[in-house]
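This report concerns only the one structure given below.
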Amino acid sequence: MEKTLIILIAICLFVVITFLYWRLTRTYAEKEYGKNMWKQWGTQTFYWQGALYFSGGLTVALIFELKSASILIF
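All letters in the sequence shown, in the order written, are residues 12 to 85 by my numbering.
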């Protein structure tokens with residue numbers, strides 16, 4: 012049960028961080044690349060790849076920060 016809770020917390024953190032990243036950077040990325048370039052598959056693939064790497068790294072950092080603060084035990 013405890014492991015399931017930790018995995019659920021990690022998934023929720025990942026989804027929330029990814030959503031916030033998307034909300035904060037979407038308009039900037041579209042403006043930076045331009046409308047025509049943004050519609051191409053490759054441009055959006057690199058954007059989402061960076062978003063997932065950023066979200067994953069921040070999620071791992073937050074999980075270990077919660078562990079070091081003795082909020083999560085695993």
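Ideal Cβ placement from N, Cα and C applies to all residues, glycine included.
Could you work out which residue in the options is closest to residue i when comparing CA atoms only?
i	options	result
I20	S81, I74 and W49	I74
W59	E41, S79 and F85	E41
F30	L69, F85, A80 and S79	L69
L63	L16, W33 and G45	W33
V26	V71, F85, S81 and S79	V71
Beta-carbon within less than 6 Å of residue i's beta-carbon, same chain only, minus the 5 sequence neighbours each way: which residues are those?
i	result
M48	T54
Is any heavy atom of the ligand COA found at a distance shorter than 8 Å from the C-beta of residue i?
i	result
K78	Ligands in the displayed structure: none, and consequently the ligand COA is not present.
What residues in its chain sit with their C-beta under 7 Å from that of residue i, if we drop five residues either side in the sequence?
i	result
L77	L83
Can you tell me whether residue i is buried or exposed? The criterion is at least 16 other CB atoms within 10 Å of its CB, across all chains shown.
i	result
S66	buried
Any alpha helix (DSSP H) of 4 or more consecutive residues that is wholly inside the region 40–78
46–49
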